[in-house]
Structure formats: C-alpha cells, structure tokens
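Read in order, the letters of the sequence shown are residues 657 to 770 in our numbering.
Every residue, glycine too, gets a C-beta built ideally from N, C-alpha and C.
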Amino acid sequence: MNDLDNAREKLGEAVQTLASGTGPLRQRLYNCYRDLGVLDPARLADEHEGLAQGLEELKNAFTWLPASDERPDLGRLYGTLDALDKDEAQKLAQRVVGLYEDGCRELYTRERPG
C-alpha cells in the first residue's frame, strides 16, 4: 500500500469513528485522532503536497493548546479538546471529513485513466 492509499484509509477510519462511534463528539474526536496520529505528513509531502499540508494543519488543530492544569498527564490533545465548545468541535470534525474527501479526490485523479 502506498502512502496516499494509507492516508486515505486512515482518514476513512477517522471519518467512520466520527460518524458511527459512541459517546459525545469530543470523545469521538479523541478516538478519531488516534486514527490520524499514525500518519506522517512528511511521507506525503513530495507527491501530495496539498494533502500533506492539510494533514499537518489538521493534526495541529487537535493539539494546539497545552495540557490542562487540572490534568497535565493527559497531554495536549485533551487540553485542546476540553477547551473546544460545541461549534468548534463540529468544525474540527468537518475538517476531518473535508480532508478525507480531498484524499479520495486525489486518489481518484491519480488512478483515473486517460
């Protein structure tokens, strides 16, 4: 499996987690990040710069705040997700779906005959 196929697969798993996972949206976002966390944007950068940049920005959006003072052991991911209000959490979920769509489009364009 090449890097683009792997990225599409992991993004698909992240979308599936958001759509059919149980629990509140923040919990599903946390689980979604576990799917995305294994992807390395640098491995996509040479051939798929736009997707690599989108993935890097998305991963940063999940971890841009420091760990919360109450639970420093939980790290930046929890610190960020705890700080999101409902609208921000929904926008983050929409960014995951959008990046998945971009990955599928790029894969389709690459494999389309002609």
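Please say whether residue j and residue i have beta carbons closer to each other than 7 Å?
i, j, result
"LEU832", "ALA717", "Look at the range of the chain in this structure, 657 to 770, and you will see that residue 832 is not part of it."
"ASP659", "LEU700", "yes"
"LEU711", "PRO697", "yes"
"VAL694", "TYR756", "no"
"GLY754", "LEU667", "no"
Kindly indicate the opening and closing residues of the alpha helix (DSSP H) around residue i.
i, result
"GLU665", "659-676"
"THR736", "731-739"
"GLU712", "705-718"
Using only CA atoms, which one of the options lies nearest to residue i?
i, options, result
"TYR686", "GLU665, HIS704, GLN709, LEU730", "LEU730"
Practice task
Please confirm if the stretch 734-741 is in contact with the stretch 707-723, defined as three or more CB-CB distances below 8 Å between the two stretches.
Solution key: Flag = yes, the stretch 734-741 and the stretch 707-723 touch.
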